[in-house]
Every structure is written in structure tokens, then in C-alpha cells.
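Residue numbers (the working numbering): 2 to 338. Ideal Cβ placement from N, Cα and C applies to all residues, glycine included. Below is one structure; the comments refer to it alone.
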């Protein structure tokens with residue numbers, strides 16, 4: 002393995018798979034790590050890995066980052082860039098399985114931070130989530146707004162990741178960039194996410210559950226835009242702001258080499274309109290089951306991506322119509338439906 006390989010954790014996951022593909026397309030060597038757990042169908046995760054293995058620049062290691070000693074050995078190989086995307090995802094799952102979030106999102110992340118700081122990592126990029134905005138109601142959501150009121154354990158674990166990374170950046174000058182992803186969708190998506198659930202139900206003639214009676218808006222962000230933004234940020238490690246004002250602290254920046262970005266389409270879509278687009282692409286009409294708001298959910302998400310665009314000259318912009326069409330095409334081909 003070359004000593005300039007990029008380490009991508011969660012490489013068998015939805016975002017991780019696409020980020021690895023994008024990195025390989027640029028000629029970078031990649032080491033991918035994933036536990037391939039059974040939170041959702043491991044066959045889908047393995048299918049992603051099998052596609053990646055066709056590239057000679059990719060090395061895969063099946064491994065759980067919560068293993069402290071194993072993590073120490075992994076990071077001793079020395080990775081100048083680490084993209085940490087492994088996590089226990091899902092807002093609703095956190096209501097029934099809170100310990101999974103402590104193991105993966107807290108224990109796993111401290112092992113990553115320790116591995117980075119002891120082995121010469123020059124830039125750690127790590128996944129956060131739009132869920133950290135919690136009870137915030139000012140739209141669009143800005144990285145410069147306070148996010149101290151998460152409303153799910155998943156969101157709290159992601160906020161904790163941002164704080165843990167900041168402490169490490171402050172103490173050890175580890176450049177760390179947090180990425181708040183907004184409703185990522187597209188081919189090879191997660192089966193626990195809305196579009197996948199809707200497509201499966203629509204094709205089976207089963208009802209789809211629309212919470213808050215369908216009155217939801219989400220900043221749907223196409224996966225290719227997400228992977229492009231992540232890869233462009235690799236060469237933009239934060240340096241810290243010497244004139245950062247502690248009397249008026251900006252939550253997105255610091256004197257430490259640490260920064261937060263929103264990765265979103267900057268355009269919230271009405272859920273019922275998204276369902277209509279999916280119906281069109283699948284050629285079927287959905288049976289709608291209107292339900293009240295679920296605990297941990299928010300009515301709307303909407304990303305302010307000003308900082309991202311200023312830093313890398315790029316902003317997610319795939320129209321929802323194009324993204325839904327590409328997702329539906331992949332879904333039918335993958336499931337032969």
C-alpha cells in the first residue's frame with residue numbers, strides 16, 4: 002500500500018462507496034474500511050464492495066472501528082488523508098437502539114481521532130448531519146448558527162463528533178473538517194431512507210407512510226454532488242482563524258484548524274412532490290398513509306451552502322427530477338423490478 006493512500010471508513014456504505022469511486026477516478030489509491038454490519042442488508046453493502054474491488058487502486062479491510070487495538074494497528078500504516086464516513090445512521094433507529102450509536106459514533110470516532118493524531122494525518126474529514134440543527138427554525142440552516150438543541154440521540158452523537166474533533170484540533174492541531182450532509186439520495190442508496198422505502202412499497206402495491214401528513218420539506222442532495230464536494234475539500238484543510246473572536250464565537254470556525262460545512266442542495270423539496278416524481282418514474286401510483294409527526298423528526302431542512310461554494314467553487318445542484326430518474330432506474334435494475 003502506498004503511503005499516500007486515502008483511508009475511507011464506511012467504504013461499503015452509501016456515501017462511502019461513491020466517495021471511493023470518485024477518488025479512484027482521480028487516480029488516488031484508497032484503503033476502504035467497513036464492518037459490513039447487518040443494520041441493513043449486508044448483501045447490498047457487499048455488492049458495493051465487489052464493484053470497488055475491480056479497481057487495482059482499492060484495498061478493502063473488513064473491520065469494526067470500535068475495536069481500539071485494531072484501530073491502533075490500522076492507523077499505524079499512516080494515512081495523510083482520512084475520510085471518516087462510518088457511523089450508525091438513522092434517527093428512528095436511535096429511539097430503540099441507543100447503545101449502537103455510542104459504540105459506533107462515539108467509541109469508533111475517538112479511535113479515529115487518536116489514530117489520526119498519533120500517525121501524521123494531515124486532514125481528517127468526517128461525516129456530521131443536518132440532524133444537528135434539531136429545534137432550529139431559522140431557514141436556511143447556517144453553519145454559523147448555534148446547534149445546541151438536538152432532538153434525537155443520532156443528532157446528539159453527530160454534534161458530539163463535531164465537538165470531539167474540535168477538542169482534538171485545538172489540542173494537537175489536527176486539521177479536521179466536519180460535513181453536515183442533507184438527505185443524500187441516489188443509486189446504491191440505503192434501504193432505510195425514504196426514497197428506497199417508497200420505491201419498494203410503490204412497486205409492491207403497499208402503502209407508503211407519510212409523516213406529518215406529508216407536510217415535510219427536505220433538502221434532497223444527489224449523491225454525485227456529495228462525493229464531488231467531499232473530494233474537492235480534501236485539499237482544503239482548515240488552518241484556523243487567528244482573529245477568531247471568543248467574545249462572539251462563530252460555531253463554524255475556530256482558532257483551531259477545524260471547520261464545518263453544509264453539504265446540501267440549497268433547495269428544499271416538498272415531500273408530496275417528490276413522491277409524485279417517483280410515481281412517474283416507476284409508472285405506479287402510491288397508496289398514501291398519512292401519519293402524525295414522528296419523535297426526532299423535523300418539518301423542514303434547508304442548507305445554506307455559501308461557505309462551501311466560496312471555498313471550493315462548487316455547490317450541489319442536481320435537479321430533483323434528474324436525481325429521482327437516476328435513482329429509479331438503478332432501483333429497478335438492481336431489483337429486476
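_Residue from 147, 208 and 306 whose Cα sits closest to the Cα of residue 315_ = Measuring C-alpha to C-alpha distances from residue 315 to each of 147, 208 and 306 identifies 306 as the nearest.
*asked:* On the DSSP letters alone, give me the boundaries of the alpha helix (DSSP H) that residue 23 sits inside.
replied: 15 to 26
_Complete runs of the beta strand (DSSP E) confined to the segment 174 to 246 [at least 3 residues]_ = Listed in chain order, the complete beta strand (DSSP E) runs (minimum 3 residues) inside the segment 174 to 246 are 177 to 182 and 208 to 211.
*According to the Cβ coordinates, are residue 180 and residue 264 closer than 8 Å?*
yes
*Taking buried to mean at least 16 other C-beta atoms within 10 Å of its own C-beta, is residue 319 buried or exposed?*
buried
*Cβ-Cβ separation, residue 18 to residue 186 (assumed contact under 8 Å), whole Å*: The Cβ separation is near 14 Å, so there is no contact.
*From 117, 55 and 183, residue whose alpha carbon lies closest to that of residue 172*: Per the Cα distances, 117.
*Which two residues bound the contiguous beta strand (DSSP E) that contains residue 128?*
124 to 130
*Are the C-beta atoms of residue 155 and some chain D residue less than 8 Å apart?*
Although the question refers to chain D, the structure presented lacks it and comprises just one protein chain.
_Measuring alpha carbon to alpha carbon, tell me which residue in 259, 168, 167 and 294 is nearest residue 215._
294
_Are the CB atoms of residue 96 and residue 296 within a distance shorter than 8 Å?_
yes
*Enumerated in chain order, which unbroken segments of the beta strand (DSSP E) with a length of 3 residues or greater are wholly contained in the segment 52 to 127?*
59 to 63 and 82 to 85
*Under the assumption that residue 145 contacts residue 252 (Cβ atoms under 8 Å), give the Cβ distance between them as a whole number of angstroms.*
6 Å
*Mind checking residue 176: buried by the 16 CB within 10 Å criterion, or exposed?*
buried
*asked:* Here's a check: name, in chain order, each residue in its chain whose Cβ is nearer than 6 Å to the Cβ of residue 183, leaving out the five neighbours to either side.
replied: The beta carbon of residue 183 lies closer than 6 Å to those of 131, 220, 222, 265, 302 and 304 in the same chain, with the five residues before and after it left out.
*asked:* Do residue 24 and residue 50 have their beta-carbon atoms positioned less than 8 Å apart in this structure?
replied: It is not a contact, given that the beta carbons lie outside the stated cut-off.
_Quick check on the DSSP output: the alpha helix (DSSP H) that includes residue 327 runs from which residue to which?_
321 to 336
*asked:* Let me confirm a value: residue 2 is counted as buried when at least 16 other C-beta atoms fall within 10 Å, else exposed. Which label applies?
replied: At residue 2 the pLDDT is 49, less than 50, meaning the model places this residue with poor confidence; the figure from the coordinates comes in the next sentence. Burial call: exposed.
*If you pair each beta-carbon of the segment 44 to 59 with each one of the segment 158 to 167, do three or more pairs fall below 8 Å?*
Short answer: they don't touch.
*Cα-Cα separation, residue 209 to residue 271*: 16 Å
_Could you check whether residue 62 and residue 9 sit closer than 8 Å to each other, using their CB atoms as the reference points?_
No, the Cβ-Cβ distance between residue 9 and residue 62 is not below 8 Å.
*Report the rounded CA-to-CA distance for residue 260 versus residue 33, giving the unit in angstroms.*
24 Å
*Should the segment 74 to 94 be regarded as contacting the segment 150 to 160, the criterion being three or more beta carbon pairs within less than 8 Å?*
yes
*Ignoring anything shorter than 3 residues or poking outside the segment 242 to 309, list the beta strand (DSSP E) runs there in chain order.*
Counting only runs of 3 or more residues that sit fully inside the segment 242 to 309, the beta strand (DSSP E) segments are 259 to 264 and 288 to 291, in chain order.
*Give the C-beta separation of residue 203 and residue 279 to the nearest angstrom, bearing in mind that I take them to be a contact with Cβ-Cβ under 8 Å.*
The Cβ separation is near 7 Å, so the contact holds.
*Could you check the C-alpha separation between residue 13 and residue 105 for me, to the nearest Å?*
Using only the alpha carbons, I get a separation of about 15 Å.
*From residue 28 to residue 217, what does the alpha carbon distance come to, in whole angstroms?*
40 Å
_For residue 64 and residue 201, I'd like the C-alpha separation in whole angstroms._
Rounded to whole angstroms, residue 64 to residue 201 spans 30 Å at the Cα level.
_Strictly by DSSP, which residues pair up with residue 142?_
304
*Helix, strand or coil for residue 37, going by three-state DSSP, please let me know.*
In the structure shown, residue 37 sits in coil (DSSP, three-state: anything other than H, G, I, E or B).
*Going straight from the alpha carbon of residue 321 to that of residue 119, what length do you get?*
43 Å
*In three-state terms, what does DSSP make of residue 339?*
Examination of residue 339 is not possible in this model, given that the chain is present from 2 through 338 alone.
*asked:* Does residue 7 come out as helix, strand or coil in the three-state DSSP assignment?
replied: strand
_If you measure between the beta carbons of residue 317 and residue 226, is that distance less than 8 Å?_
In contact: residue 317 and residue 226 (Cβ atoms closer than 8 Å).
*In angstroms with no decimal places, state the Cα-to-Cα distance between residue 11 and residue 140.*
30 Å
*Count the other CB atoms, across all protein chains shown, that sit within 10 Å of the CB of residue 229; report buried if there are 16 or more and exposed otherwise.*
buried
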